[in-house]
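Undergrad: Here this note's numbering is used: the first residue of the sequence shown is 20, the next is one more, and so on. Even glycine gets a Cβ: it sits at the ideal position worked out from N, Cα and C. What follows is a single structure, and I will ask about it in a moment.
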Amino acid sequence: MMIFSASWPCASTPEADLSPHTFMRVGGRVEWFLEPTTPEELRSAVSVCRERGITPRILGGGANLIIADGILPGVVIGTGRMNRLFRIGSDVDGEGSSDEEQDPSAWSAEPSGRVAPADPALDPRLVGWAGTTLPSLVRAARDLGYGGIEGVVGIPGHLGGGVAMNAGGRWGELWDHIELVRVIDEEGEFLDLTPEQVQPGYRNGNLGTKVVAAAILRFEPTPKALIEESMRETLRQKNAVQPVSERSAGCVFKNPDAEVSGGRGAGRLVDDCGLKGRSIGDAMVSPLHGNFVVNRGAARATDVLALIEEVRAEVAQQTGIELELEVKRWLG
Numbered sequence: 020m021m022i023f024s025a026s027w028p029c030a031s032t033p034e035a036d037l038s039p040h041t042f043m044r045v046g047g048r049v050e051w052f053l054e055p056t057t058p059e060e061l062r063s064a065v066s067v068c069r070e071r072g073i074t075p076r077i078l079g080g081g082a083n084l085i086i087a088d089g090i091l092p093g094v095v096i097g098t099g100r101m102n103r104l105f106r107i108g109s110d111v112d113g114e115g116s117s118d119e120e121q122d123p124s125a126w127s128a129e130p131s132g133r134v135a136p137a138d139p140a141l142d143p144r145l146v147g148w149a150g151t152t153l154p155s156l157v158r159a160a161r162d163l164g165y166g167g168i169e170g171v172v173g174i175p176g177h178l179g180g181g182v183a184m185n186a187g188g189r190w191g192e193l194w195d196h197i198e199l200v201r202v203i204d205e206e207g208e209f210l211d212l213t214p215e216q217v218q219p220g221y222r223n224g225n226l227g228t229k230v231v232a233a234a235i236l237r238f239e240p241t242p243k244a245l246i247e248e249s250m251r252e253t254l255r256q257k258n259a260v261q262p263v264s265e266r267s268a269g270c271v272f273k274n275p276d277a278e279v280s281g282g283r284g285a286g287r288l289v290d291d292c293g294l295k296g297r298s299i300g301d302a303m304v305s306p307l308h309g310n311f312v313v314n315r316g317a318a319r320a321t322d323v324l325a326l327i328e329e330v331r332a333e334v335a336q337q338t339g340i341e342l343e344l345e346v347k348r349w350l351g
């Protein structure tokens, strides 16, 4: 049962089961699970952990994460209760990045219900807190006639995690639409950063130990019909080649350098090595796409992790290419 502990600045649960908080539904428990509801509560939770000598782990939608079985020591901070998305007024200056140049209400104002209907007088920007789900972001952008981010459709993660890892695909990368990100720095203070300051890379938000609290995203005004058509086409393509309806942790490996792999992506390399369909327990390399490991029902994290290492070793043996992990692992 969720309890509020006076020793933590937000809702807290001892020995919490983390598997329901991951999209793959595998993993063990953690000593303390904290659930802030605002960026300020998130900042306070991070600061209290650091004051106690604890480096907290941040858990968003759990879409690109495998948590080991057993008890995870320390604290995990979940952002699921920070699912807030709203528009900002035209007085927010997108050209600057300092606190003086930004309207603080853009980061902390509590939205009232759903995102309001589109208003041509307002520029196409949205503020999302770290727990904003990517599906809700895509739907809100569609409803408002804000285009450019349709490629995110079908990705089940949270905005904070997507920013931290620079989620992307053939459509581009999430940071292509980030105007400003508010993070909690190493001193426990809010810091606003532009893409130019961060210099994100391939599947790497380049934020180090900073914790994403919120972000401002910019879009292109686009007819809703065109956005919906793009979303349908994106989903059609994904459903044809990815196990979208199954429990997975997304792409397991980063695509290697094209010059090294002869232009073959990680999934193609796994396929060429004859590894599609290989399984350990209920963990299986998807027959649809070699870069996905799916949970067929009762997989343990131990099975998933062992299968990933087996696949990586086999690809290295057959091709000489060492695949780098894209999926995150919490091993203890």
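1. Spatial neighbours of Ile-327 within its chain, please: CB distance less than 7 Å, with the 5 preceding and 5 following residues excluded, ordered by chain position.
2. Find the nearest neighbour of Val-346 within the set Arg-106, Gly-93 and Gly-180, judged by alpha-carbon distance.
3. May I ask you to report which of helix, strand or coil DSSP gives Asn-314?
4. Which of the three DSSP states, helix, strand or coil, is assigned to Val-111?
5. Let me make sure I understand the geometry here. Which of Ser-26, Thr-41, Leu-53 and Arg-71 has the alpha-carbon closest to that of Gly-32?
6. Considering only C-alpha positions, which residue in the set Glu-70, Asn-83, Thr-56 and Thr-74 is nearest to Phe-42?
7. For Met-184, which of helix, strand or coil comes out of DSSP?
8. Please classify Asn-223: does DSSP put it in a helix, a strand, or coil?
9. With DSSP collapsed to three states, give me the class of Leu-78.
10. Taking the alpha carbon of Glu-192 as the reference point, which residue from Ala-285, Gln-218, Trp-51 and Gln-261 has its own alpha carbon closest?
11. Tell me where the alpha helix (DSSP H) around Pro-154 begins and ends.
12. With DSSP as the reference, label Asp-322 as helix, strand or coil.
13. Whose CA, out of Ala-232, Ile-340, Pro-240 and Arg-103, lies closest to the CA of Asp-162?
14. Is the number of C-beta pairs between the stretch 142-157 and the stretch 223-239 that are closer than 8 Å three or more?
15. Would you give the residue range spanned by the alpha helix (DSSP H) that Ile-86 belongs to?
16. Answer yes or no: do Trp-194 and Gly-224 have a C-beta to C-beta separation smaller than 8 Å?
17. Taking 8 Å as the threshold (C-beta atoms), are His-177 and Gly-286 in contact?
18. So, Arg-315 versus Met-303, is the Cβ gap smaller than 8 Å?
19. For Trp-148, list the residues DSSP reports as bridge partners.
20. Measure from the alpha carbon of Asn-274 to the alpha carbon of each residue in Gly-296, Ser-267, Leu-344 and Ser-249, then state which is nearest.
21. Considering Cα atoms alone, identify which of Gln-337, Ala-335, Glu-329 and Ala-317 is closest to Ser-38.
22. Alpha carbon to alpha carbon, what distance is there between His-308 and Gly-339?
23. For Gly-46 versus Ile-86, is the C-beta spacing smaller than 8 Å?
24. Looking only at its own chain, which residues have a Cβ that is under 6 Å from the Cβ of Asp-36, when we skip the five neighbours before and after it?
TA: Quick look at the numbers:
1. Stepping through the sequence shown from its first residue, residue 327 is reached at position 308. Result list for Ile-327: Val-271 and Val-312, in chain order.
2. In the sequence shown, the residue the question calls residue 346 occupies position 327. Looking at the Cα atoms, Gly-180 is the closest of the given residues.
3. Stepping through the sequence shown from its first residue, residue 314 is reached at position 295. In the three-state reduction of the DSSP assignment, Asn-314 falls in the strand class.
4. Looking up residue 111 in the sequence shown gives position 92. With a pLDDT of 32 at Val-111, under the threshold of 50, the modelled position of this residue cannot be trusted; read the value that follows with caution. Coil, per DSSP.
5. As a working note, residue 32 is residue 13 in the sequence shown. As written in the sequence, residue 32 is Thr, which differs from the Gly given in the question. The option with the nearest alpha carbon to Thr-32 is Leu-53.
6. The sequence position of residue 42 within the sequence shown is 23, counting from 1. Ranking the options by Cα distance to Phe-42, first place goes to Asn-83.
7. Counted from its first residue, the sequence shown places residue 184 at position 165. Correct three-state label for Met-184: helix.
8. The residue you call residue 223 lines up with position 204 of the sequence shown. The answer is strand: DSSP assigns Asn-223 an E or B state.
9. Here residue 78 refers to the residue found at position 59 of the sequence shown. Looking at Leu-78 - three-state DSSP - the assignment turns out to be strand.
10. For the purposes of this step, residue 192 is taken as residue 173 along the sequence shown, with counting starting at 1. Checked all of Ala-285, Gln-218, Trp-51 and Gln-261; the closest Cα to Glu-192 is Gln-218.
11. Here residue 154 corresponds to residue number 135 of the sequence shown, with the count starting at 1. Start and end: 153-163.
12. Taking the sequence shown and counting its residues from 1, the one referred to as residue 322 is at position 303. Three-state result, Asp-322: helix.
13. As a first step, residue 162 is located in the sequence shown; it is residue number 143 there, counting from the start. Nearest option by C-alpha distance: Pro-240.
14. Contact between the stretch 142-157 and the stretch 223-239 is present, with at least three C-beta pairs closer than 8 Å.
15. For the purposes of this step, residue 86 is taken as residue 67 along the sequence shown, with counting starting at 1. Ile-86 -> not in any alpha helix (DSSP H); beta strand (DSSP E) instead, spanning 84-86.
16. Taking the first residue of the sequence shown as 1, we reach residue 194 at position 175. Taking the first residue of the sequence shown as 1, we reach residue 224 at position 205. In contact: Trp-194 and Gly-224 (Cβ atoms closer than 8 Å).
17. Counted from its first residue, the sequence shown places residue 286 at position 267. Counted from its first residue, the sequence shown places residue 177 at position 158. For Gly-286 and His-177, no; Cβs fall outside 8 Å.
18. Along the sequence shown, read from residue 1 onward, the residue named residue 315 stands at position 296. Along the sequence shown, read from residue 1 onward, the residue named residue 303 stands at position 284. Yes, Cβ-Cβ distance for Arg-315 and Met-303 is below 8 Å.
19. As a first step, residue 148 is located in the sequence shown; it is residue number 129 there, counting from the start. Paired residues: Ala-233.
20. Counting from 1 along the sequence shown, the entry for residue 274 is found at position 255. Answer by Cα proximity: Leu-344.
21. Your numbering for residue 38 matches position 19 in the sequence shown. Closest in C-alpha terms to Ser-38, from the list Gln-337, Ala-335, Glu-329 and Ala-317, comes Ala-317.
22. Walking along the sequence shown from the start, residue 339 turns up at place 320. Walking along the sequence shown from the start, residue 308 turns up at place 289. Near 21 Å, if we compare the C-alpha coordinates of His-308 and Gly-339.
23. Reading the sequence shown from its first residue, position 27 is the one you call residue 46. Reading the sequence shown from its first residue, position 67 is the one you call residue 86. Contact: yes.
24. Position 17 of the sequence shown, counted from the start, is the residue given in the question as residue 36. Excluding residues within five positions, the ones whose Cβ falls inside 6 Å are Arg-48.
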